[in-house]
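Okay, so here's the structure we're looking at.
Numbering (our numbering), first residue to last: 161 to 870.
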C-alpha cells in the first residue's frame, strides 16, 4: 500500500474541527529560521538523470512546485559532468521528463505536455532546435531509441471494444437524458491515481525519430509493461508482458518476450510462475539481464538478478545469495558487469556485480532525495560512457541533486539546487536508533529527528510517524513532513518495524499473513528507548501514520491508551472490505492472506483494527483523499462511524480530489501536516480521558500483540 500552498489554502481544502484553532497550529512555525509551511514552494530537486553515451553531459528533470496552480512541474536542464556548468533546455510551468539520449548523443527525446497533451519531443544538440515529432491521441511513455537512431519505440494505451449490452431508444431532439451507463467487465477496473480505467491495453509502438506515423508492434488483450529494449541489429524488441489467459488473477506472472519489429511475431524467452521484468541488453547484444523470482505467494519476495544467454536460452542467477531487493539493472559500458539500485538498513545504494557473479560492490550509498514528503527511498541513475554513472544524490539534510561517480572512485555532486532556500534554514538533526523488540529481542532500526531549536535539559513532546507499505522502508533521508513536525517543536521518531524492506527476506517474512502483530511491539519498544534518552515528556506522546502506517496507528490506539492523540491517515480498517474494494484484489487475497475473505474470515477479522475499536479511548482523527482507490475512503468512513458510536473524540478530514499519495498537489501535503499538528495541539494540555480501555481478552486474538495502558 502503498505524497503539498500556503496555510490558508490548505484550510480551504481540509477544515480543522471547529474547536481547533488554525492560528495556534500555524504559530508552531513562528520562528522564520526554521522550515515554514510556505517554504515548500521554494524547494527544487533533481530527478531522472540521463547521461550521454560519451559520459560528458547529463540531462535531468529539475522539479519544482507551481504556487499559482498548486501543481508539481518539471523542466529539463543540461549539466556538464566535468565542470558542473548547467543551463536550461526547457522552461515554463510544464511537465517535461523521461529524457533519453540517442545512441550517438546528437539528439535527446522526451515527453512533454507543453502543447496541451503529452507528446514526444526531440532536440537536436548541435543547433539547439527542438520540436514535437508526434501527434498522439494518448500519452506516450517508456521511450527507447533504436541502435541506428532512426526509430523511437514507446508504449501507449490502445482502446478496447466497448460495445454496449443494450441500445436505448432514440431520445427526442433537445431532450436531456442521464449520462450513458458504463459497462465494466474486468476485475481491475480502477487504479489509484488514474481513477476509473478506460477499457484497453498498453501496447508497443515504433515511429520515425524525425516524425511520422506510429506503427503498433504488439497485439492482443494484455498489457506490455516497462521500456522496450532494442536488439543490437534493430530488428527485434525485448518486452515484458503477462500474456496468460487469466492475467488479471495472477498479477505478478510477467515474462520476457522477443517481438519482431517487421512482423510482430512474438517468442517467449522466460516461462515460470513469477515475475521476470526489467530486461537490459549487454553491449555485445548476446546477453539479456533481468530481475525475477519464483512466486511463493508471500507478501514480499526479494527479486534476484539473472543473465540470459540469447544463443542457448539458458539463464543463471548472479545474486542468489544477495538478500536485498534489486532494482533497475543496467550494464556497464564495457559489458563486464551490471549496476543496480538496492536498499540496505534504510539506506539506498548504487551497487555493481560482475557479469560472472560474485560479491556485490556498493558504488554509492547516497542515492535518493526525490521522495519529498516522507523519508522513503527514491532516486534513479543512468550509465554512460567512460565508466561514469549519473545519479540523484540525497541526504538527511538535502533533497536530490545530480551527482556523477565512476566505480572505485569518489562521487562528485554537480548541482546545489536548494542553496538559496534550505541552506538558510535550521533543520532538525537526524540520528539513528537501534533497539531490541520487547516481543522477541529482534533488532529494529529507527531514526530520531530533534527540533531545530533543541536545547539540552528540556523535554519535548514525541511524535511517532509510521511508514506505509507495509513492505517499504524509511531511512536517513530529507523529508518535508518530518522536518515540519520537528520545526513545530516535536521530537519525531520513525521506525522500520519487522516487515520493512532493506533487512532481508526473513525480516519481511515476520509479517507474512501476520500483520499487524509484533510490529506493534517493535514500535512501542522504540518509543520506550527514545523516552529513556531523557528529552521526551512521556505524558506527551502522539502517533500518526499513513496507509500501512495508518493501519498500525489504528491498531495502536486499539491496544494502548498511552498516546494523547492519534491521526490515522488513509488506513485499512476492515481487511475484508479493503480486499474487495482496493485496486489490487487478486494480489491482496493471494499474497497477504491464505485465501479470499469467505475462506479465511477469521484471519481477516483478527487483523482488522475495526475488531478492536471497543478498546479505543485515544482522541483519533482520520485523513484520506476522496479519490483514494488504494485504501478507499470507505475504510476511513467505517472507522470514523465506529469511533463516534463508541463515543470517542474523533474527526474526519477528507481531501477533495486527492489519491492515495496525498501529495500530487503541494497543498495536499500541507493540509495533512498542518491538520495533524492542529489535532495534536488540541490535546497538548487537555486532561486525559478517564474511560478505561476494554480488556483485550474480550476481543479477537490479536496475534500476540500486548495491550499497554501506561
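All C-beta atoms, glycine included, are put in the ideal place defined by N, C-alpha and C.
Mapping the DSSP letters down to three states, classify residue i as helix, strand or coil.
| i | result |
| --- | --- |
| residue 428 | strand |
| residue 859 | Bear in mind that the predicted position of residue 859 carries a pLDDT of just 40, short of 50, making it unreliable; the figure below should be weighed with that in mind. Residue 859 falls in the coil class under three-state DSSP. |
| residue 753 | coil |
| residue 403 | coil |
| residue 181 | Its pLDDT being 40, under 50, residue 181 is placed unreliably by the model, and the measurement read from it follows with that caveat. Three-state DSSP puts residue 181 in coil, outside helix and strand. |
| residue 377 | coil |
| residue 304 | strand |
| residue 387 | strand |
| residue 715 | helix |
| residue 871 | Summary: the structure shown does not reach residue 871, with the chain confined to residues 161 through 870, and so no result is reported for it. |
| residue 186 | Note that residue 186 scores 44 on pLDDT, short of 50, meaning its location in the model is unreliable; the coordinates nonetheless yield the value given after this. Residue state, collapsed to three classes: helix. |
| residue 462 | coil |
| residue 775 | helix |
| residue 351 | strand |
| residue 747 | helix |
| residue 436 | strand |
| residue 333 | coil |
| residue 584 | helix |
| residue 680 | helix |
Tell me, which residues are paired with residue i by DSSP?
| i | result |
| --- | --- |
| residue 541 | 551 |
| residue 207 | 221 |
| residue 729 | 706 and 783 |
| residue 420 | 396 |
| residue 812 | 782 |
| residue 500 | 511 |
| residue 474 | Looking at the DSSP assignment, residue 474 forms no beta bridge with any residue, so it has no partner. |
| residue 240 | 217 |
| residue 270 | 281 |
| residue 819 | BP columns for residue 819 are empty, so no partner. |
| residue 690 | Paired residues: none, contrary to the question. |
| residue 572 | 564 |
| residue 468 | 448 and 475 |
| residue 481 | Bridge partners of residue 481: none, in fact. |
| residue 655 | 606 and 626 |
| residue 415 | 401 |
Within the continuous alpha helix (DSSP H) that includes residue i, where are the two ends?
| i | result |
| --- | --- |
| residue 838 | 826 to 842 |
| residue 640 | 640 to 647 |
| residue 560 | From DSSP, residue 560 is part of no alpha helix (DSSP H) but of the beta strand (DSSP E) over 558 to 566. |
| residue 765 | 761 to 766 |
| residue 524 | Run containing residue 524: none in the alpha helix (DSSP H); it sits in the beta strand (DSSP E), 521 to 524. |
May I ask which residues mark the beginning and end of the beta strand (DSSP E) holding residue i?
| i | result |
| --- | --- |
| residue 158 | Past the edges of the chain, shown from 161 to 870, lies residue 158, and the structure says nothing about it. |
| residue 124 | Residue numbering for the chain in the displayed model covers 161 to 870; residue 124 lies beyond these limits and cannot be assessed. |
| residue 314 | 311 to 319 |
| residue 665 | Careful: residue 665 lies outside any beta strand (DSSP E), inside the alpha helix (DSSP H) at 665 to 669. |
| residue 624 | 620 to 626 |
| residue 603 | 603 to 609 |
| residue 261 | 256 to 261 |
| residue 740 | Taken as a continuous stretch (DSSP letters only), residue 740 belongs to no beta strand (DSSP E), being part of the alpha helix (DSSP H) at 735 to 741. |
| residue 453 | Counting along the chain, residue 453 falls outside any beta strand (DSSP E), and DSSP gives it neither H nor E. |
Please look up how many angstroms separate the CB atoms of residue i and residue j, rounded, as I've assumed it's under 8 Å.
| i | j | result |
| --- | --- | --- |
| residue 747 | residue 723 | Not a contact, Cβ separation roughly 32 Å. |
| residue 388 | residue 313 | 4 Å |
| residue 548 | residue 560 | Contact doesn't hold; Cβ gap of about 18 Å is too wide. |
| residue 443 | residue 830 | Residue 443 to residue 830, Cβ: 47 Å. No contact. |
| residue 607 | residue 593 | 6 Å |
| residue 645 | residue 696 | Contact doesn't hold; Cβ gap of about 14 Å is too wide. |
| residue 276 | residue 241 | With 8 Å as the limit, residue 276 and residue 241 do not qualify as a contact, their Cβ atoms being about 34 Å apart. |
| residue 572 | residue 563 | 6 Å |
| residue 766 | residue 193 | About 49 Å; that fails the 8 Å criterion. |
| residue 468 | residue 448 | 5 Å |
Going by C-alpha distance, which of the options is nearest residue i?
| i | options | result |
| --- | --- | --- |
| residue 504 | 527, 833, 246 and 351 | 527 |
| residue 255 | 436, 236 and 826 | 236 |
| residue 360 | 738, 337, 379 and 366 | 379 |
| residue 635 | 644, 615, 605 and 613 | 605 |
| residue 260 | 233, 218 and 278 | 218 |
| residue 199 | 397, 530 and 587 | 587 |
| residue 456 | 430, 646, 447 and 410 | 410 |
| residue 790 | 822, 759 and 414 | 822 |
| residue 569 | 593, 829, 557 and 521 | 521 |
| residue 403 | 450, 384, 632 and 835 | 384 |
| residue 820 | 355, 335 and 272 | 355 |
| residue 671 | 584, 761 and 657 | 657 |
| residue 481 | 495, 513, 764 and 492 | 513 |
| residue 815 | 840, 833 and 805 | 833 |
Shorter than 8 Å from the beta carbon of residue i to some beta carbon of chain C?
| i | result |
| --- | --- |
| residue 341 | No chain C appears in this structure, which consists of one protein chain only. |
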